[in-house]
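The next block holds one structure in the form of structure tokens; read it before the comments.
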Amino acid sequence: MSLKVASVTLMLTGLGLFFVGIGLAFSQPSVPFTVSWWMMVEGWGMGMVGAGRHAYKGFTLLKEKLDPPKHEPPPPAS
17 MSLKVASVTL MLTGLGLFFV GIGLAFSQPS VPFTVSWWMM VEGWGMGMVG
67 AGRHAYKGFT LLKEKLDPPK HEPPPPAS
């Protein structure tokens with residue numbers, strides 16, 4: 017699995033947990049433990065999204081640094 021695919025998977029998983037946590041927090045009965053539990057799930061979701069975005073940006077910058085710039089050869093003199 018490539019690093020880009022792993023980062024995108026991490027971000028999508030985080031977003032999924034975040035939105036599921038929001039939906040379940042509003043559909044649960046008003047018991048403090050239940051709401052706080054889903055707030056923790058949402059926090060983990062946001063953390064995963066942040067970590068995924070950070071890793072993706074880091075891999076992008078690292079790839080740009082390691083790959084030499086590609087220059088086209090000059091046109092032949094006529």
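Numbering (the numbering used here), first residue to last: 17 to 94.
Note that the Cβ used here is the ideal one computed from N, Cα and C, for glycine as well.
Under the three-state DSSP convention, the category residue i falls into
i, result
"A93", "coil"
"K86", "coil"
"S18", "coil"
Local Cβ density within 10 Å of residue i, reported as buried at 16 or more and exposed below that
i, result
"E88", "exposed"
"F34", "buried"
"L28", "exposed"
Among the options, nearest to residue i - alpha-carbon criterion
i, options, result
"G37", "S18, S23, E58, T25", "E58"
"G30", "H70, V24, G61, A67", "G61"
"V21", "M56, W53, K73", "K73"
Contact belief for residue i with residue j at Cβ below 8 Å, rounded distance in angstroms
i, j, result
"S23", "F75", "7 Å"
"M64", "L40", "Actually they do not touch by this definition, with Cβ atoms about 17 Å apart."
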